[in-house]
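In what follows, a single structure is set out as structure tokens and then discussed.
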């Protein structure tokens with residue numbers, strides 16, 4: 001039995017002020033190299049919001065300050081920060097925009113034929129800006145934002161649901177259906193197409209590149225989390241957000257996953273309202289932490305991310321649309337929390 005030296009994520013948590021007024025679609029921290037720790041969130045209320053986060057006393061005194069807000073003409077589905085604090089966001093208006101937090105101005109830098117479901121900013125090998133966008137139109141596009149046409153387009157043939165780009169290594173991965181597509185960002189070429197273990201029966205919902213460059217973590221609609229190795233090693237699959245009770249298998253989709261930058265931990269959040277910690281090398285569960293159930297409220301954790309130094313976890317408590325429009329609750333509150341990630345080792 002494994003247990004971690006982890007303070008529960010639901011303890012010492014800080015609730016950010018002025019959260020979105022509708023379902024939270026994505027949460028992102030600013031990358032390493034950004035002069036301050038920023039937290040961004042996008043929502044179906046058509047907003048993209050940014051807070052400045054302070055982490056005092058080793059996570060015992062977390063504070064946040066609303067910094068900026070911009071509205072779109074359609075729901076926003078994803079965002080990404082540059083190292084100099086610019087924000088890129090995209091969504092259901094089929095475009096991606098660059099937002100200057102200093103001037104407050106935004107401009108369209110990428111377009112698709114259907115909603116932009118995911119995007120990621122990276123610094124190109126030549127030292128310039130590059131934005132990667134994925135869409136429900138099944139196309140992955142690479143932009144230098146100096147011209148209206150993409151540098152490269154990859155037609156994947158089915159809707160793209162999630163994307164992650166490794167900031168310290170020229171690697172990106174996106175998911176369509178039950179496939180993971182891996183790209184080399186130096187050559188802008190697809191270098192691998194991966195499939196999860198046969199136990200994963202449903203579509204993939206999220207993806208995270210390992211900072212160790214040895215594989216990718218994925219989460220699926222039936223609540224599983226998997227790690228697929230890129231080094232010809234065996235991977236692993238966990239029932240992270242799926243429960244088997246009274247001969248019934250309850251599936252809650254996995255809405256986010258992140259891989260620890262220093263260890264082999266994976267953190268995921270799902271529709272069951274739980275945050276799960278896993279070790280993909282030891283192939284074991286470290287711990288679960290649950291939000292308290294609130295009657296007559298959707299208790300899903302719809303989005304989340306870890307800070308660049310992996311000291312903080314941010315997650316949103318919001319409906320994740322897994323059960324369709326009929327299960328959405330009118331005027332339901334939506335919350336975003338920031339909490340410390342403590343403990344660096346796992347023992348048996």
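In full-length UniProt numbering, the protein residues as written are 1 to 348. Glycine included, each C-beta is placed from N, C-alpha and C at the ideal position. All figures in this text were calculated on a predicted structure; none of them were measured in a lab.
Classify residue i as buried or exposed, calling it buried when 16 or more other Cβ atoms lie within 10 Å of its own Cβ.
i	result
residue 69	exposed
residue 1	Unreliable placement is indicated for residue 1, whose pLDDT of 29 sits below 50; the coordinate value is still reported in the next sentence. Residue 1 is exposed by the Cβ-count criterion.
residue 277	buried
residue 90	buried
residue 329	exposed
residue 346	Low per-residue confidence applies at residue 346: pLDDT is 36, beneath 50, and the placement is therefore not dependable enough to give any value.
residue 338	buried
residue 340	buried
residue 331	exposed
residue 15	exposed
residue 349	Since the first and last residues shown for the chain are 1 and 348, residue 349 lies out of range.
Using 8 Å for Cβ pairs, my map puts residue i next to residue j. What's the rounded Cβ distance?
i	j	result
residue 174	residue 219	In fact, because the Cβ distance is near 14 Å, the residues do not count as touching under 8 Å.
residue 178	residue 200	7 Å
residue 188	residue 214	With a Cβ gap of about 22 Å, residue 188 and residue 214 do not count as contacting.
residue 117	residue 76	That belief does not hold up - the Cβ atoms of residue 117 and residue 76 are roughly 11 Å apart, past 8 Å.
Have a look at the options and flag the residue whose alpha-carbon is nearest the alpha-carbon of residue i.
i	options	result
residue 129	42, 114, 85 and 93	85
residue 242	271, 157 and 16	271
residue 273	285, 279 and 303	303
residue 359	26, 13, 12 and 34	Outside the shown range of the chain, which is 1 to 348, sits residue 359, and nothing can be said about it.
residue 122	185, 240 and 340	185
residue 217	260, 25 and 289	260
residue 150	95, 168 and 136	95
residue 135	176, 215, 237 and 331	176
residue 92	47, 238 and 131	47
residue 105	71, 75, 117 and 140	71
residue 145	181, 60, 131 and 29	131
residue 13	40, 325, 315 and 37	315
residue 53	75, 342, 237 and 30	30
residue 143	157, 318, 287 and 110	110
residue 107	114, 97 and 209	97
Q: Mind the definition here: the stretch 145-165 touches the stretch 192-210 only if three or more C-beta pairs lie below 8 Å; say whether that holds.
A: yes
Q: Please list the segments of the beta strand (DSSP E) lying wholly inside the stretch 202-283, counting only runs of 3 or more residues, in order along the chain.
A: 204-209, 215-220, 225-229, 236-238, 242-245, 248-251, 254-259, 265-270 and 274-279
Q) Should the stretch 193-200 be called in touch with the stretch 240-252, which here means at least 3 C-beta pairs below 8 Å? A) no
Q.
For a minimum of 3 consecutive residues, which ranges assigned as the beta strand (DSSP E) are wholly contained in the stretch 139-196?
A. 139-143, 152-155, 162-166, 171-176, 179-184 and 189-194
Q | Start-end ranges of the alpha helix (DSSP H) lying completely within the stretch 38-94, minimum 4 residues | A | none
Q | Secondary structure, beta strand (DSSP E): runs of 3+ residues fully inside the stretch 7-33 | A | 24-29
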